[in-house]
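Visitor: Protein chains in written order, with full-length UniProt numbering: chain A, 1 to 188; chain B, 1 to 188.
Protein chains: 2
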Amino acid sequence: MLPSPFNELDKNAYAAKTYDEGEFVFRQNDGPYSIYFLQTGIVQLERHTAHGDKVIIHRASEGQTFAEASLFSEAYHCDAVTITHSQIIVLQKSAILNAMRTNLHFAETLTARFAHQVQAYRHSLEIRSTRPAIERVYTAIAQGMLTSDVISLATEIGLTHEATYRALSELIAAGRIRKTARGKYSLA
Amino acid sequence: MLPSPFNELDKNAYAAKTYDEGEFVFRQNDGPYSIYFLQTGIVQLERHTAHGDKVIIHRASEGQTFAEASLFSEAYHCDAVTITHSQIIVLQKSAILNAMRTNLHFAETLTARFAHQVQAYRHSLEIRSTRPAIERVYTAIAQGMLTSDVISLATEIGLTHEATYRALSELIAAGRIRKTARGKYSLA
DNA sequence: TCCATTATATGATCGAAATCATATTTGAAC
DNA sequence: GTTCAAATATGATTTCGATCATATAATGGA
Numbered sequence: 001m002l003p004s005p006f007n008e009l010d011k012n013a014y015a016a017k018t019y020d021e022g023e024f025v026f027r028q029n030d031g032p033y034s035i036y037f038l039q040t041g042i043v044q045l046e047r048h049t050a051h052g053d054k055v056i057i058h059r060a061s062e063g064q065t066f067a068e069a070s071l072f073s074e075a076y077h078c079d080a081v082t083i084t085h086s087q088i089i090v091l092q093k094s095a096i097l098n099a100m101r102t103n104l105h106f107a108e109t110l111t112a113r114f115a116h117q118v119q120a121y122r123h124s125l126e127i128r129s130t131r132p133a134i135e136r137v138y139t140a141i142a143q144g145m146l147t148s149d150v151i152s153l154a155t156e157i158g159l160t161h162e163a164t165y166r167a168l169s170e171l172i173a174a175g176r177i178r179k180t181a182r183g184k185y186s187l188a
Numbered sequence: 001m002l003p004s005p006f007n008e009l010d011k012n013a014y015a016a017k018t019y020d021e022g023e024f025v026f027r028q029n030d031g032p033y034s035i036y037f038l039q040t041g042i043v044q045l046e047r048h049t050a051h052g053d054k055v056i057i058h059r060a061s062e063g064q065t066f067a068e069a070s071l072f073s074e075a076y077h078c079d080a081v082t083i084t085h086s087q088i089i090v091l092q093k094s095a096i097l098n099a100m101r102t103n104l105h106f107a108e109t110l111t112a113r114f115a116h117q118v119q120a121y122r123h124s125l126e127i128r129s130t131r132p133a134i135e136r137v138y139t140a141i142a143q144g145m146l147t148s149d150v151i152s153l154a155t156e157i158g159l160t161h162e163a164t165y166r167a168l169s170e171l172i173a174a175g176r177i178r179k180t181a182r183g184k185y186s187l188a
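1. Rounded to whole angstroms, what is the Cα-Cα separation between Asp149 of chain B and Ile172 of chain A?
2. Any C-beta of chain B within less than 7 Å: which residues of the stretch 168-188 of chain A qualify?
3. Are there 16 or more other CB atoms within 10 angstroms of the CB of Ser34 of chain B, so buried, or fewer, so exposed?
4. Taking the beta carbon of Gly144 of chain A as the centre, do at least 16 other beta carbons fall within 10 Å, making it buried, or is it exposed?
5. Could you tell me which whole alpha helix (DSSP H) segments of length 4 or greater appear in the UniProt domain "Cyclic nucleotide-binding" (12-117) of chain A?
6. Mind pulling the chain B residues with CB within less than 7 Å of Thr139 of chain A?
7. What is the C-beta distance between Phe106 of chain A and Ala99 of chain A, in whole angstroms, given that I count them as a contact (C-beta under 8 Å)?
8. Return the chain-ordered list of same chain residues with a C-beta closer than 7 Å to the C-beta of Gln87 of chain A, the five sequence neighbours on each side being excluded.
9. Following the continuous alpha helix (DSSP H) through Thr139 of chain A, name the residue where it begins and the one where it ends.
10. Return the residue from the list A:Val118, A:Ala154, A:Val25 and A:Ala13 that minimises the CA-CA distance to Val137 of chain A.
11. How big is the Cα-Cα spacing for Arg176 of chain B and Ala133 of chain B?
12. Quick one: what does DSSP say Thr180 of chain B is sitting in, helix, strand or coil?
13. Taking Glu46 of chain B and Val81 of chain B to be in contact with their CB atoms under 8 Å, please state how far apart those CB atoms are, rounded to whole angstroms.
14. Identify which residue in A:Ser129, A:Lys184, A:Ala112 and A:Glu156 has its Cα closest to the Cα of Thr160 of chain B.
15. Output yes if chain A places a C-beta closer than 9 Å to the C-beta of Thr130 of chain B; else output no.
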């Protein structure tokens with residue numbers, strides 16, 4: 001349920017909590033006390049500038065952890081607000097830091113998790129910079145990114161699903177991919 | 001010169017190397033032996049699919065490290081090719097893993113580095129998804145992202161410099177920002 | 001089984017940003 | 001001081017993808 005290495009933590013190192021839409025999970029300059037695993041829902045991380053402008057830093061979605069960097073800072077640097085009703089596992093910062101210091105395997109697995117996330121985000125940025133859309137979709141198919149449905153893929157690569165469906169049609173017409181089933185495609 | 005915590009490594013844990021344009025820094029399925037700090041130049045990470053398509057995973061630019069995730073894998077999963085003549089510091093994987101296991105401070109600083117990179121990439125993805133361009137540029141200015149020149153900012157936020165200059169003009173016309181000097185702007 | 005919802009798919013239109021072009025300003029190099 | 005390159009800036013045009021619309025097929029629940 002919890003992603004590795006957090007599943008190795010002692011049970012009392014974390015607790016499940018539910019939040020209504022619009023609740024604050026934490027506030028800028030608070031704590032930081034915890035990092036978070038979002039089981040269901042959406043949480044938005046926002047910062048307020050000196051001029052009062054709201055800046056959205058990140059939108060966390062289901063299955064993601066957030067506020068990891070607060071493990072290494074003296075305060076949260078943004079607000080976290082639930083956009084929908086959300087179920088969140090709250091992981092004690094102190095417990096994680098302690099596990100990092102006393103459990104070499106935990107420490108290494110956590111570092112690996114972050115390193116792989118860096119890799120994945122770089123990849124995401126790269127594919128989102130691929131233009132035009134037809135090449136972006138082709139690249140995504142070539143990499144086997146169409147694992148669930150086309151709409152999810154579209155979101156992942158930063159296109160509307162309409163643009164993605166159109167690109168898929170054009171790729172078929174050009175003989176570059178084949179349709180193997182409804183919503184399933186493979187390279188020609 | 002080397003970003004923290006790599007500057008704490010023993011001198012013989014790394015070595016500077018120069019590569020001509022088009023040279024391979026490493027190849028898919030090799031090693032992995034090392035991670036890399038790119039001092040000057042551009043390095044492209046590419047993968048080849050079963051169908052022979054080249055997929056660009058990431059373009060590393062000056063001042064960045066790359067292939068960090070290979071610390072935790074049994075082989076490089078892509079090729080690294082220099083796009084321009086490049087100066088690279090090659091850091092021994094074994095030395096880094098050793099430092100992680102024997103030096104708690106090194107381990108924690110490395111984990112923090114990755115966590116902060118995750119945070120930065122999430123932020124980058126978020127701002128790049130901000131539409132229209134004028135709001136993206138405003139958000140960037142509000143966050144103080146214009147630290148060097150407009151062209152660099154444009155690249156950072158995923159716009160052409162023309163679009164960025166135009167957005168800046170419109171923001172001035174709308175009274176939302178002020179021009180403080182050539183190429184310098186602040187919130188109105 | 002029927003109904004509601006979601007995914008798939010394509011058509012039409014529009015607008016935003018890329019592209020191409022050009023001028024000016026500035027700073028660095030010689 | 002002059003030259004050259006790079007950054008700043010704006011204009012004209014085009015194109016790509018977003019948006020809005022609509023239809024069908026599949027899926028899950030009552």
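Glycine included, every Cβ here is placed at the ideal spot set by N, Cα and C.
Predicted model, so just to flag it, every value in this text is computed and none were measured.
Guide: In brief:
1. Here residue 149 of chain B corresponds to residue number 149 of the second sequence, with the count starting at 1. Here residue 172 of chain A corresponds to residue number 172 of the first sequence, with the count starting at 1. Asp149 of chain B and Ile172 of chain A: Cα-Cα distance of roughly 43 Å.
2. Leu187
3. Stepping through the second sequence from its first residue, residue 34 of chain B is reached at position 34. Answer is buried; the Cβ neighbour count reaches 16.
4. Reading the first sequence from its first residue, position 144 is the one you call residue 144 of chain A. The residue in question, Gly144 of chain A, is exposed, as its Cβ has fewer than 16 Cβ neighbours within 10 Å.
5. 93-102
6. Within the first sequence, the letter at position 139 stands for residue 139 of chain A. Per Cβ cutoff of 7 Å: Val55.
7. For the purposes of this step, residue 106 of chain A is taken as the residue at position 106 of the first sequence. For the purposes of this step, residue 99 of chain A is taken as the residue at position 99 of the first sequence. About 4 Å separates the two Cβ atoms, so the contact holds.
8. As a working note, residue 87 of chain A is residue 87 in the first sequence. Excluding sequence neighbours, Gln87 of chain A sits near Ala16, Thr18, Gln39, Thr40 and Gly41.
9. Working through the first sequence from its first residue, we reach residue 139 of chain A at position 139. Counting along the chain, the alpha helix (DSSP H) containing Thr139 of chain A begins and ends at Ala133 to Ala142.
10. Sequence index remark: in the first sequence, residue 137 of chain A carries index 137 (1-based). Answer by Cα proximity: A:Ala154.
11. Along the second sequence, read from residue 1 onward, the residue named residue 176 of chain B stands at position 176. Along the second sequence, read from residue 1 onward, the residue named residue 133 of chain B stands at position 133. Those two C-alpha atoms are separated by around 14 Å.
12. Looking up residue 180 of chain B in the second sequence gives position 180. Reduced to three states, the DSSP call for Thr180 of chain B is strand.
13. The residue labelled residue 46 of chain B in the question sits at position 46 within the second sequence. The residue labelled residue 81 of chain B in the question sits at position 81 within the second sequence. About 6 Å separates the two Cβ atoms, so the contact holds.
14. Taking the second sequence and counting its residues from 1, the one referred to as residue 160 of chain B is at position 160. When each option's Cα is compared against that of Thr160 of chain B, the closest is A:Ser129.
15. By 1-based counting over the second sequence, the position of residue 130 of chain B is 130. Output row for Thr130 of chain B: interface = yes.
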